[in-house]
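Numbering (my numbering), first residue to last: 902 to 1181.
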């Protein structure tokens, strides 16, 4: 992505405990023993999850939002790179940055970035581009997106997971992302949803788990990049199906690329253009 920093915010610091990691794992239904067999290590997207509350606050900066209603925000896209996994005892330094905004027919895109560092050593442990979409106030017929005729390579696996009724609540507690669209029934309905919706980052974590468990033999340290576009809200008690393919597209990092298709109960895609780049 093009790098042009419009505004950089003061660093934020997070002390990571084993209990906090385990709470996050509970929020994403993570049961892989890799994360607890030699000390407590966090799943690959934990650094991004810690950063969401800080990049999300950018939307409430009057200098940035310029009258846009941030209560109508949804997570549009996420592109995360993982240089090393966070472990219990780390003190993480997070630097949020605002990169720009784009006006669309149906709302406004806000592009942010977060860099994560081990505060003790200064080592960069990850970075991510966070794209938020604030839906416009006007209601009308949404333009149907053109069908994407994406070609996939060889199918590797198919994996299913049921979203628990209280999954959004558990994820909110484990990640710190307590935006009311995920926790407050009345607020979610006021925003046009039938009930609270699952965090996109939880769906993204499921996609990562599908690859780690079915391709990497449980070794989450081999995940180096995850990119998705959130295309449809996920509701509690839905069953999601993840299908992994060897990608026909080249990895930007020179790694193995796995394309992931994520479907809800109706066969509708909840993620678009989702892929992981992994050490094989």
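By construction, the Cβ of each residue, glycine as well, lies at the ideal position given by its N, Cα and C atoms.
query, result
"Quick check on this structure: which residue in 1158, 1121, 909 and 905 has the alpha carbon closest to the alpha carbon of residue 1057?", "1158"
"Determine the DSSP secondary structure at residue 1148, reduced to helix, strand or coil.", "coil"
"Per DSSP, residue 1010 is paired with what?", "1003 and 1034"
"What's the gap between the Cα of residue 1034 and the Cα of residue 1009?", "6 Å"
"Determine, using beta carbons only, whether residue 942 and residue 986 come nearer to each other than 7 Å.", "yes"
"What runs of the alpha helix (DSSP H), each 4 residues or longer, lie entirely inside the region 906-952?", "919-928"
"Assuming residue 946 contacts residue 1109 under a Cβ cut-off of 8 Å, what Cβ separation, rounded to an integer in Å, is found between them?", "6 Å"
"To the nearest angstrom, how far is it from the Cα of residue 1074 to the Cα of residue 932?", "18 Å"
"Hey, residue 917 and residue 980 are a contact pair by Cβ (cut 8 Å); roughly how many whole angstroms apart?", "Not really, about 23 Å apart at Cβ, beyond 8 Å."
"Which of the three DSSP states, helix, strand or coil, is assigned to residue 1017?", "strand"
"Would you call the region 1117-1133 and the region 956-965 touching, i.e. three or more CB-CB distances under 8 Å?", "no"
"Enumerate, from N- to C-terminal direction, the unbroken alpha helix (DSSP H) stretches of 4 or more residues contained entirely within the region 1095-1151.", "1101-1115"
"With residue 1165 as the anchor, note down where its beta strand (DSSP E) starts and where it stops.", "Segment: none, residue 1165 is in no beta strand (DSSP E) and carries neither H nor E."
"Beta carbon of residue 1012, beta carbon of residue 1032: below 7 Å?", "yes"
"Please report how far the alpha carbon of residue 1054 lies from the alpha carbon of residue 1025, in whole angstroms.", "33 Å"
"Can you tell me whether residue 904 is helix, strand or coil according to DSSP?", "coil"
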